[in-house]
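What follows is a short report on a single structure.
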Amino acid sequence: MKRHAWLTAVGLLICSAQAAGEQELKGWLEWVHEVEMRVVENGVVEEVLVSAGQHVSKGDLLLRMDQREARARLLEAKARVARARVEVEKAGRALTRSRELFDRGLIAIEELKDAELNQVAATAEEEAAKAAEASSQVALEHTELRAPFDGVVVSSRVWNGAVIYKTLQQEPLIVIAPDDRMLARALVTASTLRRFKPGQPARIGVNGAMREGRIYSLGVQAVRVELEGAVYYLDIIFDRRPNELLRPSETVQIVLP
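Going by this note's numbering, the residue at position 184 of the sequence shown is 1010; the numbering climbs one at a time, nothing skipped.
Written out as structure tokens, the structure reads:
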């Protein structure tokens, strides 16, 4: 992840001791995670409904592709289901009639078995038609991107009229991140990292106020190696307040016990 050069210096610096045993680090904000969204069907973008920085709720429509072909296929699949149901009813009536005739000794066993086979075949065709309808419904749903959770649109790299090929999307069309919580991240040495465990309490200085948080994760692989030695990420998670505007890369203070 690209960061300004100064992050190494301030991330490693222990600025002051606020109380006995406490350490204060300089860090920066990060999203807890990001979800990269791509469409899984070829087509033309009909409408983009969000832009970077916009807050969205779970299920909100983010993007819609041209749905005419997908809707036509779904209608065709529904018609196939309707025809299959008619055939099942016809086969059922024919089987009932054949059983009555067989019981009266008017037809041979072979004719009864043919009626039974026709009824099984009609039922199988109905099930195949239902599967095709379900597949067409999924294909229609795939022409839309919806927010998987409450969050913020980190980036939008798509526009109305863009032609999208599902196998040629090198970059995600839309990136979304949950914004109810954020990470405060610092760069620390291995010796500092060994002093802590996930879940330990910590405080974060954000916008002039101290916030309660906890250690979220400890770096396993070194970010890079400096003259002082290898440096790792130390992540603190905390809740974002309602209507609070926080952005990644903003500088914060991290106070560790």
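Heads up, the beta-carbon is just placed ideally off N, CA and C, and yes, glycines get one too.
Please list the terminal residues of the continuous alpha helix (DSSP H) segment that includes residue i.
i        : result
Glu-1052 : Unbroken run through Glu-1052 is the beta strand (DSSP E), 1050–1052; no alpha helix (DSSP H).
Asp-886  : Careful: Asp-886 lies outside any alpha helix (DSSP H) and carries neither H nor E.
Arg-923  : 894–929
Pro-1072 : Here the sequence assigns Leu to residue 1072, which means Pro is not the residue at that position. No alpha helix (DSSP H) contains Leu-1072, which DSSP labels as neither H nor E.
Lys-939  : 935–967
Leu-1019 : 1016–1019
Taking C-beta to C-beta, are residue i and residue j nearer than 8 angstroms?
i        : j        : result
Ser-982  : Val-874  : yes
Phe-1022 : Lys-884  : no
Val-882  : Leu-889  : no
Val-876  : Val-979  : yes
Asp-1006 : Asp-1065 : yes
Lys-916  : Glu-959  : no
Ile-1030 : Arg-1037 : yes
Ser-898  : Glu-952  : Going by the sequence as given, residue 898 is Ala instead of Ser. The answer is no: Cβ separation not under 8 angstroms.
Gly-869  : Ile-990  : yes
Assuming residue i and residue j are in contact, meaning their beta carbons sit under 8 angstroms apart, how far apart are those beta carbons, in whole angstroms?
i        : j        : result
Leu-855  : Ser-1043 : Actually they do not touch by this definition, with Cβ atoms about 15 angstroms apart.
Ala-1035 : Ala-1048 : Contact doesn't hold; Cβ gap of about 33 angstroms is too wide.
Arg-919  : Leu-938  : That belief does not hold up - the Cβ atoms of Arg-919 and Leu-938 are roughly 14 angstroms apart, past 8 angstroms.
Val-871  : Ala-965  : The pair is not a contact, with the Cβ atoms about 16 angstroms apart (cut-off 8 angstroms).
Asp-1080 : Leu-1009 : Inspection of the sequence shows that residue 1080 is occupied by Ile rather than by Asp. Not a contact, Cβ separation roughly 10 angstroms.
Ala-973  : His-859  : Between His-859 and Ala-973 the Cβ distance is about 14 angstroms, and since that is not below 8 angstroms, they are no contact.
Tyr-1058 : Arg-1011 : Actually they are not in contact, since the Cβ atoms of Tyr-1058 and Arg-1011 sit about 11 angstroms apart, beyond 8 angstroms.
Gln-1026 : Pro-1068 : Not confirmed; about 26 angstroms, so no contact.
His-968  : Glu-902  : Going by Cβ atoms, the distance from His-968 to Glu-902 rounds to 17 angstroms, so no, they are not a contact pair.
Tell me the residue span of the beta strand (DSSP E) that contains residue i.
i        : result
Ile-1030 : 1027–1032
Ile-1063 : 1055–1065
Glu-873  : 869–874
Ala-1035 : 1035–1044
Glu-856  : 849–857
Glu-862  : 861–863
**Prompt:** Would you call the region 942–950 and the region 989–999 in contact, with 3 or more CB pairs under 8 angstroms?
**Reply:** Flag = no, the region 942–950 and the region 989–999 do not touch.
**the region 855–867 / the region 929–943 touching (three or more Cβ pairs under 8 angstroms)** = No, they do not touch.
**Message:** I'd like the ranges of any beta strand (DSSP E) spanning at least 3 consecutive residues and lying wholly in the region 967–1008.
**Reply:** DSSP runs (the beta strand (DSSP E)) wholly in the region 967–1008: 970–972, 977–982 and 1000–1003.
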